[in-house]
Amino acid sequence: MDSADINPDENEELTQENIWEIVRLFFEEKGLVKQQLRSYETFVNQSIDQIINDMGEIEIRHRDLKSTITGIAKQNESDDESDNSSRIIITFDEILVYKPVCMEVDKDSSSTHKPMFPQTARLRQLTYAMPAYCDINMNLLTIEDDEVHDESETDKNVAIAKLPVMVRSKFCLIHNAVSTVDECEFDPGGYFIVNGSEKVIIGQEHMVVNKPIVFSRKSLPKYDYIAQIRSQPLVCGRISQKFDLYLVSPTKKNPLRPIQGKLPKMEKNIPLMIIFRALNVVSDEEIMSHICYDPEDSEFLDMLRPSIEESSSIHDQRLALDFIGRRSTVAGKEREERAKKALEILNQFLLPHLGEKDSDITRKTFFIGYMTHQLVMTALRRREEDDRDHYCNKRLDLAGALISSLFAQLFAKLRDDIKKNIMKKAKSDFSNIFRSTGANSFMRTTIGEPNRSSIITKGLEYSIATGNWNSNHQAGGSKVGVSQALNRLTYMATLSNLRRTNTPIGRDAKLTKPRYLHNTHWGYICPVETPEGQACGLVKNLALMSMITVDRGIEETRRIAGILDDVGVRRIEEASPSHIKGSTKIFINGAWYGIYNDAHEAVQRLRSFRRSLQLKSDVSIVHNIADQEIFIWADGGRVTRPLLIVEDKQLKISHSDFENRDDPIMYWKDLLRRGYIEYLDVDEEENQMIAMDQKQLASSFDENAYCRTYTHCEIHPALILGVCGSIIPFPDHNQSPRNVYQCAMGKQALGLYTTNFQLRMDSSSHVLWYPQKPLVTTRSMQYLHFKDLPAGINACVAIACYTGYNQEDSVILNQSAIDRGLFRSFFYRTYKDTAKGDQEFTIPRAETCKSLRTETYNILDEDGTAIIGKHVQGNDVIIGKITPDAPTPINDRAFKDESIDVRLGERGIVDQVMRTKKLSGEDHIKVRIRAVRVPQVGDKFCSRHGQKGVCGMTYRQEDMPFTREGIVPDIIMNPHAIPSRMTLGHLFECLLGKVAALNGMEGDATPFRDNVKIDLIADTLQKLGYERYGNEIFTNGRTGKRLRAKLFFGPTYYQRLKHMVADKVHGRARGPKNQLLRQPLEGRSRNGGLRFGEMERDCLVAHGVSALLRDRLFENSDRYLVCVCKNCGLIAVQNPQNERKCTGCKEKGKFAILEVPYAFKLVLQELVSMCIAPRLSLTEL
1 MDSADINPDE NEELTQENIW EIVRLFFEEK GLVKQQLRSY ETFVNQSIDQ IINDMGEIEI
61 RHRDLKSTIT GIAKQNESDD ESDNSSRIII TFDEILVYKP VCMEVDKDSS STHKPMFPQT
121 ARLRQLTYAM PAYCDINMNL LTIEDDEVHD ESETDKNVAI AKLPVMVRSK FCLIHNAVST
181 VDECEFDPGG YFIVNGSEKV IIGQEHMVVN KPIVFSRKSL PKYDYIAQIR SQPLVCGRIS
241 QKFDLYLVSP TKKNPLRPIQ GKLPKMEKNI PLMIIFRALN VVSDEEIMSH ICYDPEDSEF
301 LDMLRPSIEE SSSIHDQRLA LDFIGRRSTV AGKEREERAK KALEILNQFL LPHLGEKDSD
361 ITRKTFFIGY MTHQLVMTAL RRREEDDRDH YCNKRLDLAG ALISSLFAQL FAKLRDDIKK
421 NIMKKAKSDF SNIFRSTGAN SFMRTTIGEP NRSSIITKGL EYSIATGNWN SNHQAGGSKV
481 GVSQALNRLT YMATLSNLRR TNTPIGRDAK LTKPRYLHNT HWGYICPVET PEGQACGLVK
541 NLALMSMITV DRGIEETRRI AGILDDVGVR RIEEASPSHI KGSTKIFING AWYGIYNDAH
601 EAVQRLRSFR RSLQLKSDVS IVHNIADQEI FIWADGGRVT RPLLIVEDKQ LKISHSDFEN
661 RDDPIMYWKD LLRRGYIEYL DVDEEENQMI AMDQKQLASS FDENAYCRTY THCEIHPALI
721 LGVCGSIIPF PDHNQSPRNV YQCAMGKQAL GLYTTNFQLR MDSSSHVLWY PQKPLVTTRS
781 MQYLHFKDLP AGINACVAIA CYTGYNQEDS VILNQSAIDR GLFRSFFYRT YKDTAKGDQE
841 FTIPRAETCK SLRTETYNIL DEDGTAIIGK HVQGNDVIIG KITPDAPTPI NDRAFKDESI
901 DVRLGERGIV DQVMRTKKLS GEDHIKVRIR AVRVPQVGDK FCSRHGQKGV CGMTYRQEDM
961 PFTREGIVPD IIMNPHAIPS RMTLGHLFEC LLGKVAALNG MEGDATPFRD NVKIDLIADT
1021 LQKLGYERYG NEIFTNGRTG KRLRAKLFFG PTYYQRLKHM VADKVHGRAR GPKNQLLRQP
1081 LEGRSRNGGL RFGEMERDCL VAHGVSALLR DRLFENSDRY LVCVCKNCGL IAVQNPQNER
1141 KCTGCKEKGK FAILEVPYAF KLVLQELVSM CIAPRLSLTE L
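Take the sequence shown: its letter number 52 is residue 52 in UniProt numbering, and every next letter is one higher.
See the structure below:
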């Protein structure tokens, strides 16, 4: 028997503790927002310098200055004159960044730089940013007597921007600080602070770049199939260029099916053969060899025959370039101009990821041949269409990539602005700008002027603050909602927000496929955390151990190329088309690198380098054996996850590795370095066999096993869930939609959202008084810090119908438990204001102020702020502010009141007052109000299984049922909520929670565990002296009689949600009206009325209660008296002295006074304004 077929020693199998130790090591090093931090750090360390090197050169010629002065563009200058003109060349060196600082202005007007911490930026409404400087070099080239004179000057440390800093990144002052002053130790970072507001950039999903995708599209019926590629240049910040190949559909007029291409920067399609000839592949035979790798495949060659016939008149490169040039933007120019434009398109815009030089033409011809080959193979049904929803065809742009594209756009704008300014001020000579250096140098003052150095600063701040991303990135055009305010309602909501992704498709589009849960989402995307409604399936969340790769740059690509060269791979530039048949094609980041005969050897060599960390651990090596292709990806935006490596049907890691004290496993890198674990992305995972657990792996030794060649094993199946899905106990026993509902409601639960809430001044926040960690937990929960910052209470829950006040999902609460503090919470709201210009914070006084309010000013101190500890209610002034206002003859007071008051309907206690100054020196005040929220009828509650409901009634303890031990339930929920929802996890949690409470331990409800069976829990409960399935005998608290049925009873973790009656209740007897319509305003915040709509009116009409109808719609709305002329029926004019006159017939005596709705009178007057005379027909009663 082969040694590989011998079952391994069971003692060497990983235990559950070993598996969760691996998970612990992962979260210790990576955390939950590492992907955001790495992306941002890559932007600062790599992307900025790439953009500067690519775009940071300004060249101005002397003749450009002359044309600017005279206003005449000299278009017909000779080449000699152009060469001999002097010029100035300005270049930017590498960017240097410093730690975040803020400039404080002292009383003596001197300024000092002080370190800025995140909490300072939050409280003082500042942007948490770091200054960026660079050296600017100026070279003056002049030609005199055929000699070139080169003079150079350098301006050191010129400030060009302030870059927003991501909290907890390497550039943040609290990076890696475990306990910092005024900061929460559990704050993960990964967000920005702009103008005091926390903003998170949502990952944007887009199609993969540099990889051809072949598909059919119903919206384009004229084409059978499309081969499409978005070619992204290697330089960061460049715009991707799209190149399409179309297989034309046959018609009655034209039954042929030629292949056409759509080049970038061109509107019309170009026949495929003309594109090849323009790339200097002229003969039909040579073109065929680039496309069809088997010259004896007659069916394949027949598919290309219509394309050959379509281009038969264009037989050389010169004609092909002219053909393309005639369809470009220079169609009317000379032939040389057209050919030059065509070559520019082919070199710079066609497949720029392969290169932008003339020497790269060979690579482009081979790649276009490969794309055509894929297109024809799909049309012949020899390969499947590419699934555009397959996750290997997706990439995620995180904060770093998105800011990079924005920075490139803003830097180009800054560069052009500097160039225009130099040409404007240099006049006719460069010397007046070149020889001015130092503190007042021309460049330093030019960039430092308003709207120049702030172009980048303000552009980045605006986009992050508003979410409007006006960048031309891969996904195209302007995007909205890229950045969002960080959800701080609860800690789970914060973590979820930082791991969210978005698919930028119109929410109104009725596309269903992009919304589906795809098979390839397993382990990468949480299957249950997505919103309901329009964004369903488009907004997704990462699974717990998903990581997003960053662009590894040109160095990693060269390292991979070096390994391939050592193996003996033949580069594609050195190969001939005849070598391709039978060889494996090798691609690096989508670029065809070469061909090789022994693909297995190349793959094994690359993987061994990756497992020994000689290559980056997240490099992807994909071997498609059927297509004879190897794709190597080191680009950014791929979603990866770690898996255990299997060799010879056994895990490489064993239990003894954790017991080894000589060489212990201390860190996550130890696992990677020893080759026990590796990262796989979706594309590489497609060609691997992954066992679900060790049990399935052991079954591979059986001759009748489903699979005998596993390559990897899951760490734990529970890790497919995301942040919110991981706090659900027994989610594998619930109906799927209930888990989706819980993921949405878990982000609305009240709890501890941060440990430093007392020091924060958030606009609004909730804090639960007595939050508890759950009795029934999951193993994943400890890495989410849910036990440290919980959001719920272990309540004693009985499932019963009791008095009928818990129908339709409502629940009955124990009022005595509420009085003892059950589910009580604090609600904080912060009011803020800034004194701009001559405004002043003080108590507005009647002697000096106009338009004083009727509200009380009693709670204000002399400095205009509310006194801490004072009770306030709606319309009470809490920030007093006055603004200078010019006196009038009627009112000689010189100020007007612009105070801030408490929102209508809210009440509370002044909790904290903060007075500070902004960087501009303006006074800024924040006042925080604290209100106690006691649970009451109408408040919303839910369990962790999507069983939501409002409080229908509260009973005192003596009216509630009780057990033989005297235990009274805190909550009574209705049994009808269970059968149709099929939330068995709710029942299991209650049962396990009962055992946990009696044994003084935590219950483990981690999903997908084979050793957890309900009978085991029931047996344990029975041994403790209780009914095995959690039923108990209850006594009616009102009658004292025993209830006939036993009630299912036990502790269940319940959450109080933010939806409260106190925030929603609304009604009024009288209040403000709309000035134009004279009808009550709408909306709770404006003390508006309740709309009595068309359907309500129909009800009153049906009941025949006309007096009530008149009262609601007329008397209590917009009753108005109008004077109407009896003669002509037009509305008459009436002055305060009751003198009446008809403007139509000039009648002065015959008038009637009518009661009409004011809105009706308004309609009549609007008709008159349009030259329509509405006349009322009056009848005497």
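The beta-carbon is built from N, C-alpha and C at its ideal position, and this holds for glycine as well.
* To do: May I ask you to report which of helix, strand or coil DSSP gives serine 78?
  => Here residue 78 refers to the residue found at position 78 when the sequence shown is read from its first residue. Because serine 78 sits at a pLDDT of 40, beneath the cut-off of 50, its placement in the model cannot be relied upon, and the following sentence gives the value as read from the coordinates. Three-state result, serine 78: coil.
* Rounded to a whole number of angstroms, what is the C-alpha to C-alpha distance between histidine 373 and histidine 390? -> Working through the sequence shown from its first residue, we reach residue 373 at position 373. Working through the sequence shown from its first residue, we reach residue 390 at position 390. Rounded to the nearest angstrom, the gap between the Cα atoms of histidine 373 and histidine 390 is 21 Å.
* CB cysteine 172 to CB glycine 189, shorter than 9 Å? -> Working through the sequence shown from its first residue, we reach residue 172 at position 172. Working through the sequence shown from its first residue, we reach residue 189 at position 189. Result yes, Cβ atoms of cysteine 172 and glycine 189 sit closer than 9 Å.
* **CB contact flag (methionine 303, alanine 379, <9 Å)** => Counting from 1 along the sequence shown, the entry for residue 303 is found at position 303. Counting from 1 along the sequence shown, the entry for residue 379 is found at position 379. In contact: methionine 303 and alanine 379 (Cβ atoms closer than 9 Å).
* Asked: Does DSSP put lysine 99 in a helix, in a strand, or in coil?
  -> One-based indexing of the sequence shown puts residue 99 at position 99. It is coil, neither helix nor strand.
* Segments assigned beta strand (DSSP E), at least 3 residues, entirely inside the UniProt domain "RNA polymerase Rpb2" (484-548) -> Annotation note: the UniProt domain "RNA polymerase Rpb2" (484-548) contains the following uninterrupted beta strand (DSSP E) runs of length 3 or greater, listed N- to C-terminal: 500-502, 539-541.
* Asked: Looking at the structure shown, is glutamate 356 part of a helix, part of a strand, or coil, going by DSSP?
  -> Sequence index remark: in the sequence shown, residue 356 carries index 356 (1-based). Coil.
* State the DSSP-derived secondary structure class of methionine 130, mapped to helix, strand or coil. => Numbered from 1 along the sequence shown, position 130 holds the residue referred to as residue 130. In this structure, methionine 130 counts as strand in the three-state DSSP scheme.
* **Sheet register partners of glutamine 742 (DSSP bridge)** => Position 742 of the sequence shown holds residue 742. For glutamine 742, which the question treats as bridged, DSSP gives no partner whatsoever.
* To do: Give a yes or no on contact between the stretch 355-367 and the stretch 327-341, applying the rule of three or more CB pairs nearer than 8 Å.
  => no
* **Sequence ranges, beta strand (DSSP E) only - wholly within the UniProt domain "RNA polymerase Rpb2" (263-397), length at least 3** => 394-397
* Are the beta-carbon atoms belonging to valine 539 and valine 740 less than 9 Å from one another? -> As a working mapping, residue 539 is identified with position 539 in the sequence shown. As a working mapping, residue 740 is identified with position 740 in the sequence shown. Not a contact, by the Cβ cut-off of 9 Å.
* **Span separating the alpha-carbon of glutamate 205 from that of isoleucine 505** => In the sequence shown, the residue the question calls residue 205 occupies position 205. In the sequence shown, the residue the question calls residue 505 occupies position 505. Glutamate 205 and isoleucine 505: Cα-Cα distance of roughly 10 Å.
* Boundaries of the alpha helix (DSSP H) in which aspartate 819 is found, first to last residue -> Within the sequence shown, numbered from 1, the residue matching residue 819 stands at position 819. Here the alpha helix (DSSP H) through aspartate 819 covers 815-819.
* In its own chain, which residues sit with a C-beta less than 7 Å from the C-beta of threonine 709, not counting the 5 before and 5 after it? -> Here residue 709 refers to the residue found at position 709 when the sequence shown is read from its first residue. Here the set comprises Met689.
* Would DSSP call tyrosine 225 helix, strand or coil? -> Start at 1 with the first residue of the sequence shown, and residue 225 comes out as number 225. In this structure, tyrosine 225 counts as strand in the three-state DSSP scheme.
* Could you say which of Asp1111, Ser311, Leu1077 lies nearest to phenylalanine 1092 if we only look at CA atoms? => The sequence position of residue 1092 within the sequence shown is 1092, counting from 1. Out of Asp1111, Ser311, Leu1077, Asp1111 has the C-alpha closest to the C-alpha of phenylalanine 1092.
* Exposed unless 16 or more other CB atoms sit within 10 angstroms - verdict on histidine 473 -> Here residue 473 corresponds to residue number 473 of the sequence shown, with the count starting at 1. Low local confidence applies: a pLDDT of 44 at histidine 473 is under 50, so the model's placement there is unreliable, with the coordinate-based value given in what follows. Histidine 473 comes out buried.
* **Which residues DSSP lists as bridging tryptophan 769, in chain order** => For the purposes of this step, residue 769 is taken as residue 769 along the sequence shown, with counting starting at 1. Note: tryptophan 769 sits in no beta bridge, so no partner.
* lysine 1125 - DSSP class collapsed to helix/strand/coil -> Counting from one through the sequence shown, the residue named residue 1125 turns up at place 1125. Looking at the sequence itself, residue 1125 is cysteine, so the reference to lysine does not match. Cysteine 1125 falls in the strand class under three-state DSSP.
* **Beta-carbon proximity of isoleucine 909 to valine 968, cut-off 9 Å** => One-based indexing of the sequence shown puts residue 909 at position 909. One-based indexing of the sequence shown puts residue 968 at position 968. Contact: no.
* Where alanine 1173 and leucine 1130 are concerned, what is the direct C-alpha to C-alpha distance, given to the nearest angstrom? -> Looking up residue 1173 in the sequence shown gives position 1173. Looking up residue 1130 in the sequence shown gives position 1130. Each residue's Cα considered, the two are about 7 Å apart.
* Run the CB neighbour count on leucine 697, radius 10 Å, all protein chains shown included, and call it buried at 16 or more, exposed below. => Here residue 697 refers to the residue found at position 697 of the sequence shown. Here leucine 697 is buried, its C-beta having at least 16 other C-beta atoms within 10 Å.
* valine 33 to valine 482, Cα distance in whole Å? -> Counting from 1 along the sequence shown, the entry for residue 33 is found at position 33. Counting from 1 along the sequence shown, the entry for residue 482 is found at position 482. Valine 33 and valine 482 have their C-alpha atoms spaced approximately 17 Å apart.
* **Cβ-based neighbour list, histidine 579, same chain, cut-off 8 Å, excluding 5 preceding and 5 following** => To locate residue 579, count along the sequence shown from 1; it is residue 579. Cβ within range, chain order: Arg570, Ile595.
* To do: Please state whether DSSP places valine 1163 in a helix, a strand or coil.
  => In the sequence shown, the residue the question calls residue 1163 occupies position 1163. Helix.
* Where do the N-terminal and C-terminal ends of the beta strand (DSSP E) with asparagine 891 fall, by residue? -> In the sequence shown, counting from the first residue as 1, residue 891 sits at position 891. It is not in any beta strand (DSSP E) - asparagine 891 carries neither H nor E in the DSSP assignment.
* **Boundaries of the beta strand (DSSP E) in which tyrosine 679 is found, first to last residue** => As a first step, residue 679 is located in the sequence shown; it is residue number 679 there, counting from the start. That run of the beta strand (DSSP E) goes 677-681.
* **Sequence-distant residues of the same chain with beta carbon closer than 6 Å to arginine 829, five excluded per side** => Walking along the sequence shown from the start, residue 829 turns up at place 829. Excluding sequence neighbours, arginine 829 sits near Ser764, Ile929.
* To do: Work out the CA separation of alanine 1005 and valine 950 for me, nearest whole Å.
  => For this step, residue 950 is matched to residue 950 along the sequence shown. For this step, residue 1005 is matched to residue 1005 along the sequence shown. For valine 950 and alanine 1005, the distance between alpha carbons rounds to 26 Å.
* Please say whether arginine 500 and glycine 837 have beta carbons closer to each other than 9 Å? => Position 837 of the sequence shown, counted from the first residue, corresponds to residue 837. Position 500 of the sequence shown, counted from the first residue, corresponds to residue 500. In this structure, arginine 500 does not lie closer than 9 Å to glycine 837 by Cβ.
* Between tyrosine 770 and the rest of its own chain, which residues show a CB-CB distance below 6 Å, the 5 nearest in sequence each way excluded? -> One-based indexing of the sequence shown puts residue 770 at position 770. Same-chain partners within the cutoff: Gly821.
* Contact the stretch 916-935 vs the stretch 713-723: 3+ CB pairs below 8 Å -> With a cut-off of 8 Å, the stretch 713-723 and the stretch 916-935 do not count as touching, because too few Cβ pairs lie within range.
* To do: Classify valine 927 as buried or exposed, calling it buried when 16 or more other Cβ atoms lie within 10 Å of its own Cβ.
  => Position 927 of the sequence shown, counting from 1, holds the residue named residue 927. Looking at its Cβ environment, which holds 16 or more other Cβ atoms inside 10 Å, valine 927 is buried.
* How close, in whole Å, do the beta carbons of alanine 817 and alanine 791 come, if the pair is a contact with beta carbons under 8 Å? -> Against the sequence shown, residue 817 aligns to sequence position 817. Against the sequence shown, residue 791 aligns to sequence position 791. Not confirmed; about 18 Å, so no contact.
* To do: Would you list the one or two residues that DSSP bridges to tryptophan 668?
  => Residue 668 sits at position 668 when you count from the first residue of the sequence shown. Answer is none; tryptophan 668 lacks a bridge partner.
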